[in-house]
Amino acid sequence: MLEYRAYEQIESYLSNDMPADEKAAFEVLLRTDARLAEQVREHRQLLQTMRSFGQRQSLKLQLDRIHSEMEDETAVATPALWKVFWNRHAQTVAVAASVSLLSVFGTLWSVQQLKAPVRQQTARYVELRREVERLKKTQTAIINGINDATKPAPRPAAFSGTGFAINADGYLVTSSHVVEGADSVLIENEAGQKYKVVEVYRDQIHDLSILKVSDSAFTTFGKLPYTFKTAESDLGEKVYTLGYPREDIVFGEGSLSSASGFEGDTTAYQISIPLNPGNSGGPLLDDKGNLIGVISGKQAGQEGAAFAIKSAYLLQMINELPQTDTLAAIALTLPQKNALSGQNRPQQLKKLKDYVFVVKVYN
Amino acid sequence: MKKSLYETDEAILEGIRRDDERALAYLYKLYFPMISHFILSNSGTDDEAKDIYQEGVIVFYEKIKGNTLELSCQIKTYLYSVCRRLWLKRLAEKGRYAVKMEDSESFLPVEEDTQHHEEQERQFGVMGESLEQLGEPCRSLLEDYYIRMQSMQVITEKYGYTNSDTAKNQKYKCLQRLKKLFFATYKPEV
């Protein structure tokens, strides 16, 4: 029973409902009685453990309840799982997304970069094709010329050509294919003199046309510095021409390489001057400043093969012009004095260039 | 939604201190997926995940209650660290040493907290066993008095004792037995 008494004391001491004086006495006893102190310690530990054990138990129950509650929720609400998934992998997804975005735009960008030169190349290629097409066209024109004797010379695919004066009164010669189908024709020389002209005569067979200045303001070209050669020129003779293959006047030099023209045409020379569309109708002169021909065309696809109508045929045409007042006068007013012979080339050209015109055809 | 109440860690802590069960429930549900993912990806099962997570939450909860928690990081990080530590221990007990943990979060060293928890677990294990061995009605009587804090009066009526002295006497006997059982197996670690 002593045990029980001690127990009761311990119990009331621990639960703090011991009267103050009794408590003081008990504490004194505790300090002296080691066995009692040990018992109190054990008792306290036991009670504490039991109490927190109970708390833990109830906490566990609570958590279990929450857990099963949560399981019920997630079973129904799957989006929560998605959200969890997203929360967990948002970073990875973000990295993946940015990497893929980067590679997509990087690829697009680099493709763009690669494409730029390709585009340029295509442009060049188109240019080249246009060039080829032009050549093809001239070649076709030549073939047409074989079939149709009225068009012996190929027609350069340009709406401009070259022409030169044959007397001081405003008469000029050019290739008839230059002014073919023209509504109006204008001529202009290096000095900037500009005249309106009309075609007054056409020789389809020799591809020659005579133009006349129709401007009322026109008075005279002045004295022509060159003469027309009646005889045939020799093979290998140095020849040159002036023409307008572009905006400015262009000088071209070569030699007479054959006494016959395209497909053995005896009315023309073959010359080795590099020519371009726009040179047609230009004057062909020899070293001494004699006019020996009129540039008419070239053979497409063959290097250095250009053709010029012999001056003899030009003269023949002039002489055979219909005997009307105006046209008959041309033969009489042809230049008789050569002012170029004995001069060097640049000086010849300086005198010559005022009589060589660009023929602009509008239709 | 009630959720918005506990958007911040502070709100959750405050809620738990106020004994708000919703705060605990919110916290519990918020981080369970993270721990579950961690346990599952480190050769654990669903049940083990639940177990470990609950232990982690208990450590956290009791530290808040005991006002001994100095939270220098997010609750999330703390929970993760505790659960990670507990799981490592559990793996070691199972004789399986994970060569490498697949961590999805950063973690802190929380050995102290978990050690205290383990010690308690051991204590509670012994206590549970002792109570088990004690048998009825002793167990219920002690639980009613010491845990549920019922008065001697209520207990006397509930267990049909003739007077409170008999009840007290009975309680004393029960407690003595429990004491013997408990201290027979439990030796506090020095």
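In the order they appear, the protein sequences are chains A and B.
For the first sequence, numbering that gives the first Met the number 0 assigns the number 0 to the initial residue and increments by one for each residue that follows.
For the second sequence, numbering that gives the first Met the number 0 assigns the number 0 to the initial residue and increments by one for each residue that follows.
Where a beta carbon is used, it is the ideal one built from N, C-alpha and C, also for glycine.
8 Å Cβ cutoff, residue i in contact with chain B
i	result
V83 of chain A	yes
M49 of chain A	yes
I41 of chain A	First, the residue type needs correcting, since residue 41 of chain A is Glu and not Ile in the sequence shown. Closer than 8 Å to some Cβ of chain B, the Cβ of E41 of chain A qualifies, so yes.
M17 of chain A	no
Q90 of chain A	no
Y12 of chain A	no
L46 of chain A	yes
H66 of chain A	yes
Q61 of chain A	yes
L113 of chain A	no
F52 of chain A	yes
R55 of chain A	yes
F25 of chain A	no
Residue i burial status per 10 Å Cβ neighbour count (16 or more: buried)
i	result
T219 of chain A	exposed
F261 of chain A	buried
C173 of chain B	buried
E21 of chain A	exposed
P345 of chain A	exposed
Q269 of chain A	buried
L107 of chain A	exposed
Q122 of chain B	buried
G134 of chain B	exposed
A122 of chain A	With a pLDDT of 41 at A122 of chain A, under the threshold of 50, the modelled position of this residue cannot be trusted; read the value that follows with caution. So A122 of chain A counts as exposed.
L234 of chain A	exposed
K170 of chain B	buried
F104 of chain A	exposed
D112 of chain B	buried
Close beta carbons around residue i, own chain, < 7 Å, minus the five adjacent residues each side
i	result
M151 of chain B	S163, A166, K167
I15 of chain B	A22, L23, Y60, I63
A258 of chain A	E231, L234, Y268
P136 of chain B	Y158
Cβ of residue i within 8 Å of any chain A Cβ
i	result
P108 of chain B	no
M151 of chain B	no
Y27 of chain B	yes
G65 of chain B	no
I51 of chain B	no
E128 of chain B	no
Q122 of chain B	yes
K178 of chain B	yes
P136 of chain B	no
L141 of chain B	yes
V56 of chain B	yes
I146 of chain B	yes
A24 of chain B	yes
Proximal chain E residues relative to residue i, where beta-carbon distance stays under 9 Å
i	result
H36 of chain B	Looking for chain E here will not work: the only protein chains present are A and B.
Collapsed DSSP secondary structure at residue i in the structure displayed
i	result
A190 of chain A	coil
G53 of chain A	helix
N41 of chain B	coil
V284 of chain A	Before going on, a small fix: residue 284 of chain A reads as Leu here, not Val. Correct three-state label for L284 of chain A: strand.
I272 of chain A	coil
S163 of chain B	helix
I248 of chain A	coil
Y312 of chain A	helix
A258 of chain A	coil
V94 of chain A	helix
V58 of chain B	helix
T7 of chain B	coil
Y170 of chain A	strand
L62 of chain A	helix
Y190 of chain B	Any question about residue 190 of chain B goes unanswered here, given that chain B covers just 0 to 189.
G180 of chain A	coil
L107 of chain B	coil
F158 of chain A	coil
G105 of chain A	helix
G263 of chain A	helix
Supposed close pair residue i, residue j - CB separation, criterion 8 Å
i	j	result
Y361 of chain A	D182 of chain A	6 Å
L290 of chain A	S310 of chain A	5 Å
G251 of chain A	L274 of chain A	6 Å
L339 of chain A	K287 of chain A	7 Å
V39 of chain A	L29 of chain A	6 Å
C72 of chain B	I51 of chain B	That pair is no contact at about 19 Å.
T161 of chain A	G242 of chain A	4 Å
I154 of chain B	Y144 of chain B	6 Å
T226 of chain A	Q335 of chain A	7 Å
G55 of chain B	L87 of chain B	With a Cβ gap of about 12 Å, G55 of chain B and L87 of chain B do not count as contacting.
Cut-off 8 Å between Cβ atoms - residues of its own chain near residue i, not counting five sequence neighbours on either side
i	result
S254 of chain A	G235, E236, K237, V238, I270, S271
Q132 of chain B	L180
Contacting residues, own chain, Cβ-Cβ under 6 Å from residue i (five flanking each side not counted)
i	result
Q322 of chain A	none
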